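*Asks:* Once you've had a glance at the structure underneath, I'll fire off some questions.
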Amino acid sequence: MKRLLQLATIMSVAVLAGLPRNATFEWPDSSKYWRVLTNVNEAIEYHLKKNPYYFAQDKLVTDFQVGNVPPGDPQAGKKHYESIRKLLVSRGIAVGTYISGSTVLPQSEEDHYPPRAVAIEQMPPTAHYAGSWPGRPSRKYVDLTDADTRHAFQAAIRQIWEATPAPVRFVDNIPPTPKLGGGPWDVTCTHMHELGEIAASQGSRAIFNMAVHVGELTDREAQQLMDAVGHNGISLEMPWHANIRRSKEATKNAEKRYRQLLDSGMAIEMIPVKTPEDELKAWVTTWRKPTDHLYIAGLFYKPPDPSIHMFQ
Numbered sequence: 000m001k002r003l004l005q006l007a008t009i010m011s012v013a014v015l016a017g018l019p020r021n022a023t024f025e026w027p028d029s030s031k032y033w034r035v036l037t038n039v040n041e042a043i044e045y046h047l048k049k050n051p052y053y054f055a056q057d058k059l060v061t062d063f064q065v066g067n068v069p070p071g072d073p074q075a076g077k078k079h080y081e082s083i084r085k086l087l088v089s090r091g092i093a094v095g096t097y098i099s100g101s102t103v104l105p106q107s108e109e110d111h112y113p114p115r116a117v118a119i120e121q122m123p124p125t126a127h128y129a130g131s132w133p134g135r136p137s138r139k140y141v142d143l144t145d146a147d148t149r150h151a152f153q154a155a156i157r158q159i160w161e162a163t164p165a166p167v168r169f170v171d172n173i174p175p176t177p178k179l180g181g182g183p184w185d186v187t188c189t190h191m192h193e194l195g196e197i198a199a200s201q202g203s204r205a206i207f208n209m210a211v212h213v214g215e216l217t218d219r220e221a222q223q224l225m226d227a228v229g230h231n232g233i234s235l236e237m238p239w240h241a242n243i244r245r246s247k248e249a250t251k252n253a254e255k256r257y258r259q260l261l262d263s264g265m266a267i268e269m270i271p272v273k274t275p276e277d278e279l280k281a282w283v284t285t286w287r288k289p290t291d292h293l294y295i296a297g298l299f300y301k302p303p304d305p306s307i308h309m310f311q
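Listed below in structure tokens is the structure:
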């Protein structure tokens, strides 16, 4: 009897999290509808109730958090978070979580649930740091090149993820390539691979948000990225930057690299920051395959635009 009760508890947690039982989360079909919802907060509850038709075809919230949680009192946000997450899951929407993949901050400054970042108090006193967030000295960059520090950081992320089961883990602040100001690319890729293994051990997929122009990756960098990400995903905030759009050669290089990455099995989310959505849609339509795990980020407080979010 005790064993059955334990199993029932585990299954109920998995259902609440939107996880398929005994299986890793599978990316939604984007052959006709490619919107996913990113940067979702508690205000979605209002729209779920007032504008339910906004979400009729949505299948994935990449990251959901409740904000304005009193620092040091996570329980204050947990109940609200679980209530809204349950509402989303009841509509057939998988709900992911957010975490910074390279920064820590004091626990006294954490005002979201689930936590947006590892607390610096969770790190060992021997941890190495590589500077502070601009304008916010208390938020520090973890020195990912130091293996002991990186592994301690990942262990803290694992603890946060274990406390909040979810099918998707949106990992922000992944360092870019050295050309764009990041650290050693092999270290960044090792970090993503190790986080991906932690996510997979919990039946989740990871989405790594990074500042990368895929067409500018060298062949070696692209292969390292594919090896690191596997069947997880990446998120790109400038998927077709203006400088790329102005160049036929750069656009062609981006197209070829996108095809290589997608054909490897990874998922790609395009966040159209400073990228006209209609132009992005028209370009992507020329080279995408119906089987691609390719998505465009949408705003939860606006209805989907069929001209942008639907493929015929």
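What the sequence shown shows, in numbering that gives the first Met the number 0, is residues 0 to 311, in sequence order.
Beta carbons: idealized from backbone N, C-alpha and C, even for Gly.
What you are looking at is a predicted structure, and each value in this text was computed from that prediction instead of being measured.
When the Cα of E278 is compared with those of A266, D72, R219, R245, which residue comes out closest?
*Replies:* Working through the sequence shown from its first residue, we reach residue 278 at position 279. For E278, the nearest C-alpha among the options comes from R245.
*Asks:* For a test of the three-state rule: what should DSSP assign to T187, helix, strand or coil?
*Replies:* The count along the sequence shown starts at 1 and reaches residue 187 at position 188. Here T187 carries a helix assignment [DSSP, helix/strand/coil].
*Asks:* Rounded to whole angstroms, what's the CA-CA distance from P69 to L194? Just pull it up for me.
*Replies:* Translated into the one-based positions of the sequence shown, residue 69 becomes position 70. Translated into the one-based positions of the sequence shown, residue 194 becomes position 195. Their Cα atoms are separated by approximately 28 Å.
*Asks:* Could you give the first and the last residue of the continuous alpha helix (DSSP H) run that contains F63?
*Replies:* Position 64 of the sequence shown, counting from 1, holds the residue named residue 63. Unbroken run through F63: none, as it is neither H nor E.
*Asks:* With a Cβ-Cβ cutoff of 8 Å, do P174 and A151 count as a contact?
*Replies:* Position 175 of the sequence shown holds residue 174. Position 152 of the sequence shown holds residue 151. Contact: no.
*Asks:* Roughly how many whole angstroms lie between the Cα atoms of P238 and R204?
*Replies:* Locating residue 238 in the sequence shown gives position 239, counting from the first residue. Locating residue 204 in the sequence shown gives position 205, counting from the first residue. So the alpha carbons of these two residues sit roughly 21 Å apart.
*Asks:* Using the Cβ count rule (16 or more neighbours within 10 Å means buried), how would you classify K288?
*Replies:* On the sequence shown, residue 288 is found 289 positions in, with the first residue counted as 1. Flag for K288 reads exposed.
*Asks:* Quick one: using the 10 Å Cβ neighbour count with 16 as the cut-off for buried, is A42 buried or exposed?
*Replies:* The residue you call residue 42 lines up with position 43 of the sequence shown. Exposed, by the Cβ-count rule.
*Asks:* Alpha carbon to alpha carbon, how far is A198 from T189? Give it in angstroms, no decimals.
*Replies:* For the purposes of this step, residue 189 is identified with residue 190 of the sequence shown, where counting begins at 1. For the purposes of this step, residue 198 is identified with residue 199 of the sequence shown, where counting begins at 1. Near 14 Å, if we compare the C-alpha coordinates of A198 and T189.
*Asks:* Could you say if the segment 57-77 and the segment 131-143 meet the contact criterion of at least three C-beta pairs nearer than 8 Å?
*Replies:* Counting Cβ pairs under 8 Å, fewer than three are found: no touch.
*Asks:* So, for I159: in the same chain, excluding its five sequence neighbours on each side, which residues have a beta-carbon less than 6 Å away from its beta-carbon?
*Replies:* Residue 159 sits at position 160 when you count from the first residue of the sequence shown. Excluding sequence positions up to five before and after I159, its CB lies within less than 6 Å of the CB of P114, all in the same chain and listed in chain order.
*Asks:* To which residues does DSSP link K139 through a beta bridge?
*Replies:* Within the sequence shown, the letter at position 140 stands for residue 139. Bridge partners of K139: V103, S131.
*Asks:* Select from H127, E25, T96 the residue whose C-alpha is nearest the C-alpha of D142.
*Replies:* By one-based count along the sequence shown, residue 142 stands at place 143. Ranking H127, E25, T96 by Cα distance to D142 puts H127 first.
*Asks:* Once DSSP output is grouped into helix, strand and coil, what is the label at Q74?
*Replies:* Within the sequence shown, numbered from 1, the residue matching residue 74 stands at position 75. Reduced to three states, the DSSP call for Q74 is helix.
*Asks:* Helix, strand or coil, according to DSSP, for M309 in the structure here?
*Replies:* Residue numbering aside, residue 309 sits at position 310 when the sequence shown is read from its first letter. If DSSP states are grouped into helix, strand and coil, M309 belongs with the strands.
*Asks:* Do you know how far the Cα of Q201 is from the Cα of N21?
*Replies:* Position 22 of the sequence shown, counted from the first residue, corresponds to residue 21. Position 202 of the sequence shown, counted from the first residue, corresponds to residue 201. Confidence is the limiting factor: at N21 the pLDDT is only 40, short of 50, which leaves the residue's position unreliable and the question unanswerable from this model.
*Asks:* Any chance the segment 34-48 sits against the segment 296-310, with 3 or more Cβ pairs inside 8 Å?
*Replies:* The segment 34-48 vs the segment 296-310: in contact.
*Asks:* Quick check on the burial criterion: 16 or more other C-beta atoms within 10 angstroms. Buried or exposed for N242?
*Replies:* Residue numbering aside, residue 242 sits at position 243 when the sequence shown is read from its first letter. So N242 counts as exposed.
*Asks:* Just grab the DSSP bridge partners of F169 for me.
*Replies:* Counting from one through the sequence shown, the residue named residue 169 turns up at place 170. BP columns for F169 point to Y97, I206.
*Asks:* Could you tell me whether the Cβ atoms of I92 and K58 are closer together than 8 Å?
*Replies:* Taking the sequence shown and counting its residues from 1, the one referred to as residue 92 is at position 93. Taking the sequence shown and counting its residues from 1, the one referred to as residue 58 is at position 59. In contact: I92 and K58 (Cβ atoms closer than 8 Å).
*Asks:* K139: buried (16+ other C-beta within 10 angstroms of its C-beta) or exposed?
*Replies:* By 1-based counting over the sequence shown, the position of residue 139 is 140. K139 should be labelled buried.
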